[in-house]
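Position one of the sequence shown corresponds to residue 17 (UniProt numbering), numbered consecutively onward.
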Amino acid sequence: PPNLQMVEEDLGLERVNCRAKGASSGFKVAILGAAGGIGQPLAMLMKMNPLVSLLHLYDVVNAHGVTADISHMDTSAVVRGFLGQQQLEDALIGMDLVIIPAGVPRKPGMTRDDLFNINAGIVKTLCEAIVKCCPKAIVNIISNPVNSTVPIAAEVFKKAGVFDPKRVLGVTMLDVVRANTFVAEIMGLDPREVDVPVVGGHAGVTILPLLSQVKPSCSFTQKEIDYLTDRIQNGGTEVVECHSIAMVLCSSIMFESAFGCILQAKAGAGSATLSMAYAAVKFADACLRALRGDAAVVHCAYVASEVTELPFFASKVRLGRNGVEEIYPLGPLNEYERAGLEKAKKELAGSIQKGVSFVKK
Ligand code: NAI
Numbered sequence: 017p018p019n020l021q022m023v024e025e026d027l028g029l030e031r032v033n034c035r036a037k038g039a040s041s042g043f044k045v046a047i048l049g050a051a052g053g054i055g056q057p058l059a060m061l062m063k064m065n066p067l068v069s070l071l072h073l074y075d076v077v078n079a080h081g082v083t084a085d086i087s088h089m090d091t092s093a094v095v096r097g098f099l100g101q102q103q104l105e106d107a108l109i110g111m112d113l114v115i116i117p118a119g120v121p122r123k124p125g126m127t128r129d130d131l132f133n134i135n136a137g138i139v140k141t142l143c144e145a146i147v148k149c150c151p152k153a154i155v156n157i158i159s160n161p162v163n164s165t166v167p168i169a170a171e172v173f174k175k176a177g178v179f180d181p182k183r184v185l186g187v188t189m190l191d192v193v194r195a196n197t198f199v200a201e202i203m204g205l206d207p208r209e210v211d212v213p214v215v216g217g218h219a220g221v222t223i224l225p226l227l228s229q230v231k232p233s234c235s236f237t238q239k240e241i242d243y244l245t246d247r248i249q250n251g252g253t254e255v256v257e258c259h260s261i262a263m264v265l266c267s268s269i270m271f272e273s274a275f276g277c278i279l280q281a282k283a284g285a286g287s288a289t290l291s292m293a294y295a296a297v298k299f300a301d302a303c304l305r306a307l308r309g310d311a312a313v314v315h316c317a318y319v320a321s322e323v324t325e326l327p328f329f330a331s332k333v334r335l336g337r338n339g340v341e342e343i344y345p346l347g348p349l350n351e352y353e354r355a356g357l358e359k360a361k362k363e364l365a366g367s368i369q370k371g372v373s374f375v376k377k
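Quick look at the structure:
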């Protein structure tokens, strides 16, 4: 592929490079896994963010093509592409925020935990490079299973003696985005006005929506609570696969199995990418606004925490210039939520341990 940087220099477009090198008026952001299903729309949306002055797109495939494409957008961020392990460190030097959607997504029938074997190694390698090149960057981890990949990242940083629990954040924003949308649908509200705290982790029963704390205050029937909790916990699976024993037309692509009809929203081709890119950008933008010094930037995230007896937990956090400035307690839970919390903690404990052992072994 053409080396854009060289072409630009040949043409005397030094100003672009000066802008890329200087880039003092905004933040420097790297996306690792930028050519993937999440990475591409995420890169596009970050290129549209006026807080970003320099955008580094790294992947082990297609990084230059995606970079060429995104770089034609007439927004102010300068975009640079980095391909393959040998360019990883160049992609990371000087970054303020590193977003990691690298790794394999789920296919029908898989849990997030099934991704562990491949993604654990990818996240470990990427974090080792962050330790070397930009240990003070805020790190947003999207790669699943988030419940284990965040402990993996923390362990890599600890091993190198540079772990700052304020700076490593697992992205659970998609659970909040889904919860806001599904609650708004049921209550006939505008989703932008709804705020559902979603705590715990990012997989199945560890995703715990606190429907008793929804703003604006809503009262739900038990049937609605069961429906919403199940749909929020399994929103990812709804995208990955949509099983039905009847012939139902649910999306444009249909497969038949021996048991009847299995309709797959993504036809086995991946998991949530577009809504995830939206959620990732919402969260990354919050991190950048907090880095800039904005007050009262509060979102749910999966972080090192003392909110429960577990070393990592997702809950509302206040973001600031140093990352996570404050972690809020869970607030009053009803009986249903307390039971859900116990289930969530049991599963989370295993996932955290699995991540920690992976790096220690
Ligand atoms: P994808 O397969 O479309 O893209 C992944 C990208 O990562 C590919 O371009 C691939 O080349 C790249 N990659 C693989 N190994 C790499 C390495 N060592 N260094 C850099 N890049 C590497 O997958 P998709 O759909 O973008 O999903 C990515 C991850 O995000 C998956 O683990 C998925 O489970 C997770 N995910 C997380 C969500 C969350 O809420 N946190 C929601 C949806 C997905």
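Even glycine gets a Cβ: it sits at the ideal position worked out from N, Cα and C.
Item checked: Endpoints, beta strand (DSSP E) assigned at residue 395 -> There is simply no residue 395 to check, as the chain begins at 17 and stops at 377 in what is shown.
Nearest residue (CA-CA) to Gly286, options Leu364, Ala306, Ala296 and Glu254: Glu254
Distance cut-off 8 Å: Leu131 Cβ against heavy atoms of the ligand NAI = yes
* **Of the residues Ala320, Leu349, Asn350 and Cys316, the one placed nearest Val193, counting alpha carbons only** => Cys316
*asked:* Here's the rule I'm using: 16 or more other beta-carbon atoms within 10 Å means buried, otherwise exposed. How should Gly216 be labelled?
replied: buried
TODO: Go ahead and label Gln101 buried or exposed: buried means 16 or more other beta carbons lie within 10 angstroms of its beta carbon, across all protein chains shown.
DONE: exposed
Margin query: If contacts are defined as beta-carbon pairs under 8 Å, then Asp129 and Ala219 qualify, I think. What distance do you get, rounded to the angstrom?
Written below: 7 Å
Counting only the same chain and skipping the five closest in sequence on each side, list residues whose C-beta sits under 6 Å from that of Glu342.
-> Arg334
Under the three-state DSSP convention, the category His72 falls into: strand
Check: Residue range of the beta strand (DSSP E) that Arg96 falls in?
Finding: Val94 to Leu99
- Message: Restricting to Cα atoms, I'd like to know which of Val166, Pro232 and Gly186 is closest to Asn196.
- Response: Pro232
I need the straight-line Cα distance from Arg354 to Ser164, nearest angstrom please. 23 Å
Could you check where the alpha helix (DSSP H) with Ala330 kicks off and where it finishes? No alpha helix (DSSP H) contains Ala330, which is instead part of the beta strand (DSSP E) from Phe328 to Gly336.
Next on the checklist: Per the DSSP calculation, Ile241 is bridged to which residue(s)?
Outcome noted: DSSP lists no partner for Ile241.
| For Glu325, which of helix, strand or coil comes out of DSSP? | coil
Only counting runs of 3 or more residues, tell me where the beta strand (DSSP E) segments fall wholly within the UniProt domain "Lactate/malate dehydrogenase N-terminal" (44-186), in order along the chain.
-> 68-75, 94-99, 113-116, 154-157 and 184-186
query: Between the Cα of Gly251 and the Cα atoms of Lys377, Phe198, Phe236 and Leu48, which residue gives the shortest distance?
result: Phe198
*Quick one: is the Cβ of Ile248 within less than 8 Å of any heavy atom of the ligand SAM?*
In the structure shown, the ligand SAM is absent; the only ligands present are the ligand NAI.
Q. How about Asp85: is its Cβ closer than 8 Å to a heavy atom in the ligand NAI?
A. no
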